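Protein chains in written order, with the working numbering: chain A, 1 to 504; chain B, 505 to 656.
Report on the structure given below.
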Amino acid sequence: MDTLGYLGQGFGVALSPYNLVTALAGTLIGTVVGLLPGLGPINGVALLIPIAFALGLPPESALILLAAVYLGCEYGGRISSILLNIPGEASTVMTTLDGYPMARQGLAGVALSLSAWSSFIGAFIATCGMVLFAPLLAKWAIAFGPAEYFVLMVFAIVCLGGMAGDRPLKTFIAALIGLFLSSVGIDANSGVYRFTGDSVHLADGIQFVVLVLGLFSISEILLLLEKTHHGHEAVKATGRMLFNFKEAASVFVVNIRCGLLGFIMGVLPGAGATLASAVAYMTEKRIAGASGTFGKGDKRGLAAPETAIGASCCGALVPMLTLGVPGSGTTAVMIGALTLYNITPGPMLFAQQPDIVWGLIASLFIANIMLVILNIPMIRIFTRILAVPNWALVPVIAIITAIGVYAVHATTFDLFLMIGIGIFGYILRKLDFPLSPILLGFILGGLMEQNLRRALSISNGALDILWSSPISISVWALTIAMMLLPLLRIWRKRSLQRRALADV
Amino acid sequence: MILQRLFALFLLAVCTALAVMAWPYQAAFSYEPVGPRAYPLLMLGLMAAGLLYLAFRPTPIVHKDDEPQLDRETLNKIGLCVALLLVFAATFEPLGFIVSSILIGVPMARLYGGRWLPSVVIIGLMSIALYWLFDRVMDVPLPLGLLDVLEN
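Written out as structure tokens, the structure is:
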């Protein structure tokens with residue numbers, strides 16, 4: 001019952017006019033950012049960090065703004081995948097499979113509103129799950145000592161690799177790059193300057209915003225250069241804008257199923273929206289069997305990934321708020337934002353600053369409702385934004401990115417660093433390395449080192465403290481299971497191939 | 505494949521260099537068993553192991569359908585774009601935000617296939633609008649540079 005009281009309090013925070021306007025602005029900005037090619041939730045949230053700080057927003061409003069932008073971006077990404085058949089980001093690939101055919105059949109408006117509705121249900125289920133489980137998890141997490149935290153972070157990193165599917169090694173290397181980069185700068189425990197090359201600008205470490213914008217914006221700008229000669233025509237959204245009751249009812253079971261699935265996938269570190277949407281789509285396709293017209297504009301094929309994305313986005317906030325361990329690239333960015341406000345996410349946050357936590361949870365509800373409502377009158381304007389040509393867009397993205405970086409420290413050194421990181425990110429992308437593990441590694445790195453050193457200080461250097469408590473032993477067991485997962489997958493693939501060869 | 509191997513070997517060299525750099529890191533006096541050197545070395549070691557494996561057994565790169573092959577023309581464009589960004593960073597403070605963003609924004613718009621007149625108009629207007637929005641409305645201080653004279 002405590003929880004409901006806190007939730008009420010949270011709605012009190014979120015429903016204050018100031019925060020409502022913040023959430024509305026956030027969803028609008030987020031949708032536009034998500035729509036534009038080259039800008040996804042990670043850049044959107046990262047760009048707003050210095051601005052929210054400069055505007056002097058109080059921490060809970062800033063967090064609400066960022067969460068609203070996050071949800072808005074996910075929504076905006078959907079518009080380009082349904083109308084243009086271009087997934088705005090990796091997680092919406094599955095949406096294009098059935099969303100675009102629906103739009104071609106003249107159901108663009110229905111597809112958009114139905115996807116908004118699905119993602120609303122997904123987010124709603126996940127938010128309910130969060131209300132139920134987050135306080136429990138937070139209470140449990142208080143029992144964590146530094147050794148347990150260290151093991152948990154090892155688990156999170158291994159999870160990234162285990163969940164990455166086809167390229168575990170590259171994911172692992174990317175995460176290690178992030179983990180290493182976090183050690184640049186002055187060492188808080190001993191005062192030793194590490195890897196700064198005697199540069200004053202690096203003494204503070206690499207700024208998070210610089211890393212994010214370099215990796216994601218600059219590399220995207222370079223990537224867009226390859227695609228300049230391609231023109232894309234958006235499907236016009238005409239006719240009926242809103243789905244009817246029958247359509248909503250026909251996908252309701254799918255919504256519930258995929259919402260639960262998405263929530264679980266979102267809570268697991270490293271899985272995230274991309275995997276959740278893919279698994280949801282595949283599962284529903286199998287369940288529908290021959291009765292489905294998946295790939296040709298089946299409403300279930302649209303609802304399944306969208307529900308899962310909505311649910312996993314909110315689910316990813318659970319480990320972030322309760323353990324301080326981000327579950328996805330975007331939540332990693334949000335942790336970066338919180339640290340700017342000197343708020344350390346983790347189990348104590350629930351006890352010390354309930355306003356922030358519950359205000360955020362409540363504003364997720366509100367932002368989701370806003371997105372559904374906004375969709376109907378705004379869709380025509382949004383589709384017009386899709387027509388902005390790259391030549392006008394890209395320079396503006398570059399300029400805004402520079403502003404975002406310059407706003408942090410007001411030094412041009414950061415601009416040069418961002419460009420360098422951007423080129424590195426571009427090369428990594430061309431070589432098929434995933435980039436968000438770098439971010440997760442960067443956020444986890446500092447915590448991981450601190451906890452490792454603290455744990456070993458407690459035991460006076462004896463390593464066995466890392467596997468002495470039941471919690472850490474079970475997390476180690478999970479870690480090993482996760483490590484075996486990709487090996488198992490490779491082994492299965494090989495045996496299938498061998499069987500196929502034997503058949504011939 | 506060959507590019508991937510080269511890249512893995514290059515990163516491996518960087519790792520080694522960084523490890524050499526990290527070797528002398530030692531706290532002058534310390535109260536804890538683990539110094540500032542252990543963690544970076546651990547990460548570099550793991551990374552090196554991964555990269556070594558990658559150098560010998562590179563994983564195939566999956567090409568998406570809409571991704572055209574890199575040709576000389578695109579590479580030139582990317583080089584130009586990077587150069588423009590570097591010029592932007594270098595002129596950001598001395599020339600000021602508005603002048604430097606017009607200076608690099610217009611050629612960049614050309615690079616992405618815009619025509620001269622629309623590029624100049626749109627980038628010019630956007631630079632001034634963004635300056636006004638961020639510096640005046642949102643309190644993010646941006647340098648005025650050359651246009652400093654206009655302010656007073």
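Here a beta-carbon is modelled for each residue, glycine too, at the ideal position from N, C-alpha and C.
These numbers come from a predicted model, not from an experiment.
Is the Cβ-Cβ distance between residue i and residue j less than 8 Å?
i: L435(A); j: A174(A); result: yes
i: A276(A); j: A308(A); result: yes
i: T92(A); j: R104(A); result: no
i: V131(A); j: L261(A); result: no
i: I369(A); j: I443(A); result: no
i: G425(A); j: I218(A); result: yes
i: P437(A); j: G178(A); result: yes
i: E284(A); j: C313(A); result: no
i: L505(A); j: C159(A); result: The structure shown does not extend to residue 505(A), since chain A spans only 1 to 504, so no value can be given for it.
i: L615(B); j: C585(B); result: yes
i: A398(A); j: V644(B); result: no
i: L466(A); j: S472(A); result: yes
i: L71(A); j: A367(A); result: yes
i: P345(A); j: L364(A); result: no
i: L35(A); j: G76(A); result: yes
If you run the structure through DSSP and keep just helix, strand and coil, what is residue i?
i: R541(B); result: coil
i: R167(A); result: coil
i: I186(A); result: strand
i: Y193(A); result: strand
i: N460(A); result: coil
i: K493(A); result: helix
i: W505(A); result: Beyond the ends of chain A as shown, which are 1 and 504, falls residue 505(A); an answer cannot be given.
i: L268(A); result: coil
i: G609(B); result: helix
i: K296(A); result: coil
i: L634(B); result: helix
i: Q207(A); result: coil
i: R561(B); result: coil
i: F133(A); result: helix
i: V279(A); result: helix
i: G109(A); result: helix
i: Q9(A); result: helix
i: Q450(A); result: helix
i: R619(B); result: coil
Give the range of the alpha helix (DSSP H) segment to which residue i is assigned.
i: G72(A); result: 59-83
i: T307(A); result: 299-315
i: K246(A); result: 245-250
i: N390(A); result: 390-409
i: S16(A); result: Element bounds for S16(A): n/a, residue is neither H nor E.
i: M418(A); result: 412-430
i: G44(A); result: 41-54
i: R240(A); result: First-last for R240(A): undefined, no H or E at that position.
i: N580(B); result: 576-595
i: Q352(A); result: 347-352
i: Q508(B); result: 506-526
Taking the alpha carbon of residue i as the reference point, which residue from the options has its own alpha carbon closest?
i: L211(A); options: I421(A), A67(A), G295(A), M153(A); result: I421(A)
i: F511(B); options: L556(B), G600(B), F592(B), N580(B); result: L556(B)
i: G145(A); options: R494(A), L501(A), L485(A), Q450(A); result: Q450(A)
i: A311(A); options: P58(A), G272(A), L137(A); result: G272(A)
i: A517(B); options: M551(B), V641(B), F533(B); result: M551(B)
i: V372(A); options: W476(A), T339(A), W117(A), Q352(A); result: W117(A)
i: G617(B); options: W467(A), E226(A), P345(A), I256(A); result: E226(A)
i: R619(B); options: W391(A), A481(A), L440(A); result: W391(A)
i: A278(A); options: A290(A), L107(A), G289(A), M265(A); result: M265(A)
i: I125(A); options: P101(A), N85(A), D198(A), I361(A); result: I361(A)
i: V33(A); options: L47(A), P58(A), D355(A), A111(A); result: L47(A)
i: L28(A); options: G327(A), N342(A), F382(A); result: F382(A)
i: S250(A); options: L222(A), E220(A), G292(A); result: G292(A)
i: T339(A); options: P41(A), E60(A), L36(A); result: E60(A)
i: L213(A); options: S16(A), S457(A), P41(A), N342(A); result: P41(A)
i: I506(B); options: L558(B), G649(B), L599(B), E577(B); result: L558(B)
i: R167(A); options: G295(A), M483(A), L496(A); result: M483(A)
i: I400(A); options: N43(A), N189(A), V192(A); result: N43(A)
Listing by chain order, which chain D residues have their CB less than 7 Å from the CB of residue i?
i: G628(B); result: Chain labels in this structure do not include chain D; the protein chains are A and B.
Quick one: measure Cβ to Cβ for residue i and residue j, integer angstroms, because I've assumed they're closer than 8 Å.
i: A402(A); j: L386(A); result: Contact doesn't hold; Cβ gap of about 25 Å is too wide.
i: V254(A); j: R300(A); result: 5 Å
i: A52(A); j: A67(A); result: Contact flag wrong, Cβ pair sits at about 12 Å.
i: V475(A); j: F155(A); result: 5 Å
i: I582(B); j: V610(B); result: At roughly 18 Å, the Cβ-Cβ gap does not stay under 8 Å, so I582(B) and V610(B) are not in contact.
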